[in-house]
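A.B. asks: First residue of the sequence shown? That's 1 in full-length UniProt numbering, and the numbers climb one at a time after it.
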Amino acid sequence: MTRITAWRRHPLARYAVLILALSLVGMVYAAFVQAGKPADAALAAGKVDDVAAGRSLFVQHCSSCHGMNAQGTTTAPTLVGAGAAAVDFQMSTGRMPAANPGAQAPRKPPAPWVDETTTRQVAAYVQSLGGGPQVPGAEQVDPATGDAGKGGELFRANCIQCHNWVGAGGALTQGKYAPNLNEASPTQIYEAMVTGPQAMPVFNDSTITPEEKRSMIAYITQVRAQKDPGGFGLGRIGPVTEGLVAWIVGLTALALAAIWITAKKRQKS
1 MTRITAWRRH
11 PLARYAVLIL
21 ALSLVGMVYA
31 AFVQAGKPAD
41 AALAAGKVDD
51 VAAGRSLFVQ
61 HCSSCHGMNA
71 QGTTTAPTLV
81 GAGAAAVDFQ
91 MSTGRMPAAN
101 PGAQAPRKPP
111 APWVDETTTR
121 QVAAYVQSLG
131 GGPQVPGAEQ
141 VDPATGDAGK
151 GGELFRANCI
161 QCHNWVGAGG
171 ALTQGKYAPN
181 LNEASPTQIY
191 EAMVTGPQAM
201 PVFNDSTITP
211 EEKRSMIAYI
221 TQVRAQKDPG
231 GFGLGRIGPV
241 TEGLVAWIVG
251 LTALALAAIW
261 ITAKKRQKS
C-alpha cells in the first residue's frame, strides 16, 4: 500500500494516467467508427472485392487519360473525391470512356466492356480513393413518391435556363450544351444533380434536398411523357422554332395571297 501511495505522489504519475486515459479513449472511438461505418468502397460496390476488380479495369481502360492512380492529367481531371455516382453517370450514359476529347462528351451507347457489373466495380474503386457522392438507391429516385407540381417549380427556378422547360436541352458557350433529358433515367438525373457533370453546377443536399430532387425527377419524367396539344411539338425547343415556323409560314402565305390577288386583277382587266 505504501508503494502505491508513493507512486501516486510521483511527479510523473499524472502524466502516465493522462496518457493511459487518452489511449483508452482512442481505442474505444476507433472500435465504434470501424463497427458503425464500413468502408466507402463497400457501400458503393456492395462488396470490397469490387475495388480490386475496379482498379484492374481502371488501369486497363481509364488510366491513359486520368493517370495510373486517378490523379488526373492534362487530358482529364482527377477522380479522387469524385465518388461512385459520377462514375456511374459517366459510364452508364456512354460519355466515358471518351473516344475523342472535346468541349463536351456526348451521350452515346456504352463501350462494349461496360455493363452493370464493370460500372459498379470501377465506381467502387473510385469511391475508395477519397469518398464523394454515392449511387442513389431506388427509393431515392422513385418518381412515384415525388411531388411533380413542386418539382416543376424547382425545375423552372434552377434548370430551364439551360435545359428548357421540358428538358429538351439547349446550346451553351464555347461549344458546350445542355443535353436532352428525355433519355436520362431517374438515377442518372439524380447523379447529375449531385455531381455536376461538365458544364452543370452541383446541387448538393443543402441546395436542393433529396426530397426536392425526387420531386424534380417526378416532373421531368411526367412532362416528357405528355403529348403536344397542337400535334407537333417542333422539338419542344420553344419560341425560337415556333417563331421561325410562324415567320416562314406567314411570309409564304402572304406571298401566295399577293400572287393570287394580282392574278385575279389581271384576269379581270
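Ideal Cβ positions, reconstructed from N, Cα and C, are used throughout, including at glycine.
How is G170 classed by DSSP in three states: helix, strand or coil?
C.D. replies: The three-state reading of DSSP puts G170 in strand, counting E and B together.
A.B. asks: Taking DSSP as the reference, what is the three-state secondary structure of A199?
C.D. replies: coil
A.B. asks: Once DSSP output is grouped into helix, strand and coil, what is the label at A255?
C.D. replies: A255 falls in the helix class under three-state DSSP.
A.B. asks: Looking at the unbroken alpha helix (DSSP H) that takes in T221, where does it start and where does it end?
C.D. replies: 210-223
A.B. asks: Report yes or no: do the stretch 56-71 and the stretch 163-177 share at least 3 C-beta pairs separated by less than 8 Å?
C.D. replies: Counting Cβ pairs under 8 Å, fewer than three are found: no touch.
A.B. asks: Apply the 10 Å Cβ neighbour rule to M216 and answer buried if 16 or more other Cβ atoms are within range, or exposed otherwise.
C.D. replies: buried
A.B. asks: Does DSSP classify A21 as helix, strand or coil?
C.D. replies: helix
A.B. asks: With DSSP collapsed to three states, give me the class of residue 270.
C.D. replies: This structure cannot speak to residue 270, because the chain is shown only from 1 to 269.
A.B. asks: Out of S23, L129, P136, point me to the one whose CA is closest to G72's CA.
C.D. replies: L129
A.B. asks: Measuring alpha carbon to alpha carbon, tell me which residue in I208, E191, V48 is nearest residue 289.
C.D. replies: Outside the displayed range of the chain (1 to 269) lies residue 289, so it cannot be described from this structure.
A.B. asks: Can you tell me whether V48 is buried or exposed, with buried defined as 16 or more other CB within 10 angstroms of its CB?
C.D. replies: exposed
A.B. asks: Using a 10 Å radius around the Cβ and a threshold of 16 neighbouring Cβ atoms, would you call D115 buried or exposed?
C.D. replies: exposed
A.B. asks: Just how far apart, CA to CA, sit Q226 and F89?
C.D. replies: 26 Å
A.B. asks: For my contact list, A82 and V126 are in at a C-beta cut-off of 8 Å; report their separation, rounded to the angstrom.
C.D. replies: 6 Å
A.B. asks: Would you kindly work out how many angstroms separate the C-alpha atoms of T187 and N100, rounded to a whole number?
C.D. replies: 26 Å
A.B. asks: Rounded to the nearest angstrom, what separates N180 and P133 at their Cα positions?
C.D. replies: 23 Å
A.B. asks: So, for K150: in the same chain, excluding its five sequence neighbours on each side, which residues have a beta-carbon less than 6 Å away from its beta-carbon?
C.D. replies: In chain order, S215 place their CB closer than 6 Å to the CB of K150, counting only its own chain and leaving out the 5 sequence neighbours on each side.
A.B. asks: CA-CA distance, A45 and V87?
C.D. replies: Only weak support exists for where A45 lies, its pLDDT of 42 falling under 50; the value from the coordinates is given anyway. Near 12 Å, if we compare the C-alpha coordinates of V87 and A45.
A.B. asks: Would M27 be called buried (16 or more neighbouring beta carbons within 10 Å of its own) or exposed?
C.D. replies: exposed
A.B. asks: Short of 7 Å in beta carbon distance, which residues of its chain neighbour Q174, apart from the five on each side in sequence? Order them along the chain.
C.D. replies: A103
A.B. asks: Along the chain, where does the alpha helix (DSSP H) containing M91 start, and where does it finish?
C.D. replies: 84-92
A.B. asks: For the alpha helix (DSSP H) that contains Q71, what are its first and last residues?
C.D. replies: Careful: Q71 lies outside any alpha helix (DSSP H) and carries neither H nor E.
A.B. asks: Could you please give the first and the last residue of the uninterrupted alpha helix (DSSP H) stretch that includes V51?
C.D. replies: First-last of the alpha helix (DSSP H) with V51: 49-61.
A.B. asks: Are M91 and T119 close, meaning C-beta to C-beta below 8 Å?
C.D. replies: yes
A.B. asks: Among the residues of its own chain, which have a CB less than 6 Å from the CB of V223, if the five just before and after it don't count?
C.D. replies: V166
A.B. asks: Quick check: Y219 and A124, are their CB atoms within less than 8 Å of each other?
C.D. replies: no
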